[in-house]
RNA sequence: GCUCCCUUCGUCUAGCGGUCUAGGACGCCGCCCUCUCACGGCGGAAACAGGGGUUCGAGUCCCCUAGGGAGCGCCA
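Numbering (full-length UniProt numbering), first residue to last: 1 to 479.
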């Protein structure tokens with residue numbers, strides 16, 4: 001029922017851990033390519049390794065994709081569940097004489113690799129059972145099934161990213177299709193599944209590049225069309241080495257916990273290895289329109305937190321206040337200290353938060369910072385002061401506040417314009433610079449040395465709370 | 001060891017033989033704005049890995065060297 005020219009991609013993670021950052025980018029590329037061209041993206045869980053696959057990992061991967069805003073068509077396919085079909089394909093190959101039973105023991109195999117290495121040849125199977133008569137099979141040994149791969153000539157793949165890549169068939173060996181316990185190998189399963197699922201474009205990490213050559217042999221033996229390939233470079237850590245846990249190879253949920261926005265994450269990831277002229281910030285719509293496999297670079301990119309941070313800040317500032325507020329509240333359960341903050345969001349504090357968002361979002365590059373900078377809104381009197389605030393509220397600072405308090409108490413209206421007028425006038429008449437008044441005020445109102453504009457803070461906290469907090473620092477009780 | 005891939009500012013990249021005295025972004029430095037911190041604005045330092053070719057002309061094409069990466073399993 002599928003359109004013959006329709007593009008079908010797939011993301012095929014193995015559920016042995018979380019969705020790491022490289023996998024997330026691979027998924028994004030698959031998604032962009034398919035969705036940008038009216039095609040479909042499928043999801044397949046490569047769970048043939050039963051010992052290492054877990055339900056939790058599957059859940060984490062689906063959750064990570066959902067958070068990133070990447071969806072797929074149909075139900076996720078379990079590779080393990082298709083083992084019968086994989087065996088069936090091998091029977092077909094056996095019947096056609098394109099595969100054979102191999103009785104070589106693990107010891108023999110190890111020895112083969114050893115000698116090959118010594119002689120400066122690539123370590124590979126020597127094909128000792130390739131043309132041997134079945135009657136020579138040892139008793140009581142279950143054979144593995146190997147592909148009878150071409151031994152001469154060369155195998156060429158035309159890759160959308162890597163270009164034309166050529167291997168001498170002599171350097172490739174007869175890979176195992178079915179293990180001696182009857183279970184299909186990854187190499188076989190991938191080919192059969194991609195074919196059956198109608199995948200037209202295989203977009204994956206370039207650690208699979210050589211696999212493409214060997215898988216091509218399987219496609220050819222089965223008489224199937226070879227899909228289009230796009231092997232994208234891996235992401236490296238800041239030091240240029242393979243991305244490891246101490247770099248950025250965290251699960252995407254870790255980025256959520258650090259307070260990054262999914263949209264910013266997508267934008268950062270898509271620019272790693274791909275670009276469209278000088279465009280740095282682009283909407284998802286633009287990505288879908290511009291993204292192309294042929295424009296992906298061939299060299300590995302390093303993961304740079306500073307740039308992610310900057311992009312995330314841009315997204316936060318660009319986002320409408322209401323949207324950011326929703327996103328922020330939704331992420332609270334995942335942020336450190338978020339749940340405690342959430343508990344304090346009664347009607348009053350929620351209103352304060354909503355009112356403070358415009359001033360807050362200019363000053364935070366991620367939601368974790370936004371949370372930290374929002375803390376003063378829900379803190380209870382009397383506020384505890386951080387070091388900087390304590391220094392500002394020295395004797396002189398307290399005297400200043402004591403002088404200002406009555407004027408604020410008598411404010412005709414509690415809006416930014418009126419309050420600014422009062423404070424500026426007070427500063428002028430008492431021969432102080434505005435900063436000499438604003439800073440003590442800030443310290444008293446927020447308990448910190450930095451905050452959004454002080455007049456906005458006064459308005460957001462409201463008259464009673466503001467006067468109360470100032471009073472707490474002058475020793476003059478107001479309620 | 002063998003096979004394959006890669007190499008432009010610290011980082012992500014633009015560049016698809018002449019428009020490159022190499023452009024943008026992050027980061028960094030300086031100045032401005034300013035009630036703090038940010039935002040914003042302006043300016044600055046900063047790269048074609050090295051060597052050979054090809055060509056009238058090379059960051060762009062070819063080769064070599066060096067450096068980096070990936071793969072070489074009855075793992076995926």
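Ideal Cβ placement from N, Cα and C applies to all residues, glycine included.
Check: Just mark residue 1 as buried or exposed, buried being the case when its beta carbon has 16 or more other beta carbons within 10 Å.; Outcome: Only weak support is given to the placement of residue 1: the predicted model assigns it a pLDDT of 47, under 50, and the value that follows is read from those uncertain coordinates. Answer is exposed; the Cβ neighbour count stays below 16.
Check: By DSSP, does residue 92 sit in helix, in strand, or in coil?; Outcome: helix
Check: Residue 160 and residue 293: beta carbons closer than 7 Å?; Outcome: yes
Check: Provide the residue(s) that pair with residue 156 in DSSP beta bridges, ordered along the chain.; Outcome: 166
Check: Can you tell me the Cα-Cα spacing of residue 20 and residue 210, whole angstroms?; Outcome: 22 Å
Check: Starting from residue 481, trace the alpha helix (DSSP H) both ways and give me its first and last residue.; Outcome: Residue coverage of the chain in this structure runs from 1 to 479, which leaves residue 481 outside it and unanswerable.
Check: Name the residue from 11, 206, 403, 410 whose alpha carbon lies nearest to the alpha carbon of residue 297.; Outcome: 206
Check: On a Cα-Cα basis, can you pick out the residue from 320, 260, 166 that is closest to residue 214?; Outcome: 166
Check: Could you name the residues of the same chain whose beta carbon sits closer than 8 Å to that of residue 434, not counting the 5 residues immediately before and after it, in chain order?; Outcome: 423, 424, 427
Check: Buried or exposed: residue 479, going by 16 or more other Cβ atoms within 10 Å of its Cβ?; Outcome: With a pLDDT of 47 at residue 479, under the threshold of 50, the modelled position of this residue cannot be trusted; read the value that follows with caution. Exposed, since its Cβ has fewer than 16 Cβ neighbours within 10 Å.
Check: Output the distance between the C-alpha atoms of residue 310 and residue 365, rounded to the nearest integer angstrom.; Outcome: 7 Å
Check: Reducing DSSP to helix, strand and coil, say where residue 290 ends up.; Outcome: helix
Check: Please specify which runs of the beta strand (DSSP E), each continuous and at least 3 residues long, are wholly inside the segment 220-287, giving them in chain order.; Outcome: 228-232
Check: Kindly indicate the opening and closing residues of the alpha helix (DSSP H) around residue 332.; Outcome: Looking at the DSSP string, residue 332 is not in any alpha helix (DSSP H), and its letter there is neither H nor E.
Check: Which one of 172, 377, 235, 98 has the shortest CA to CA distance from residue 304?; Outcome: 235
Check: CB-CB under 8 Å to residue 369, same chain, minus the five flanking residues each way: which ones, in chain order?; Outcome: 259, 363
Check: Mark residue 46 as exposed unless 16 or more other C-beta atoms lie within 10 angstroms of its C-beta, in which case mark it buried.; Outcome: buried
Check: CA-CA distance, residue 43 and residue 70?; Outcome: 11 Å
Check: Between residue 5 and the rest of its own chain, which residues show a CB-CB distance below 6 Å, the 5 nearest in sequence each way excluded?; Outcome: none
Check: Measure the alpha-carbon distance for residue 86 versus residue 321 and round it to whole angstroms.; Outcome: 53 Å
Check: Quick one: grab the DSSP three-state call for residue 137.; Outcome: coil
Check: Got a sec? Which residues, its chain only, sit under 7 Å from residue 226 by beta carbon, not counting five neighbours each side?; Outcome: 216, 219
Check: Report buried or exposed for residue 360, applying the criterion of at least 16 other Cβ atoms within 10 angstroms of its Cβ.; Outcome: buried
Check: Any contact between the segment 91-105 and the segment 137-149? By contact I mean 3 or more CB pairs, one from each, below 8 Å.; Outcome: yes
Check: Determine which residues share a DSSP beta bridge with residue 184 and list them.; Outcome: 178
Check: Can you list, in chain order, the residues of its chain with a C-beta nearer than 7 Å to that of residue 564? Leave out the 5 residues immediately preceding and following it.; Outcome: A question about residue 564 goes unanswered here, because the residues of the chain that appear run from 1 up to 479.
Check: So what does DSSP say about residue 30, is it helix, strand or coil?; Outcome: helix
Check: Starting from the C-beta of residue 518, find all residues in its chain whose C-beta is less than 7 Å away, skip the five residues before and the five after it, and write them out in chain order.; Outcome: Since the displayed the chain opens at 1 and closes at 479, residue 518 lies outside it and no answer follows.
Check: Could you give the residue range of the beta strand (DSSP E) that holds residue 146?; Outcome: 144-147
Check: Grouping DSSP H, G and I as helix and E and B as strand, with all else coil, what is residue 205?; Outcome: strand
Check: Closest to residue 170 by C-alpha separation, out of 177, 148, 398, 387, would be which residue?; Outcome: 148
Check: Output yes or no for whether 7 Å exceeds the beta carbon distance between residue 457 and residue 467.; Outcome: no
Check: Compute every distance between the C-beta of residue 412 and the non-hydrogen atoms of the ligand MN, then say whether any falls below 6 Å.; Outcome: Here there are no bound small molecules, and the ligand MN is not part of this structure.
Check: For residue 125, which of helix, strand or coil comes out of DSSP?; Outcome: coil
Check: Go ahead and pull the three-state DSSP assignment for residue 463.; Outcome: helix
Check: For residue 58, which three-state DSSP category applies?; Outcome: helix
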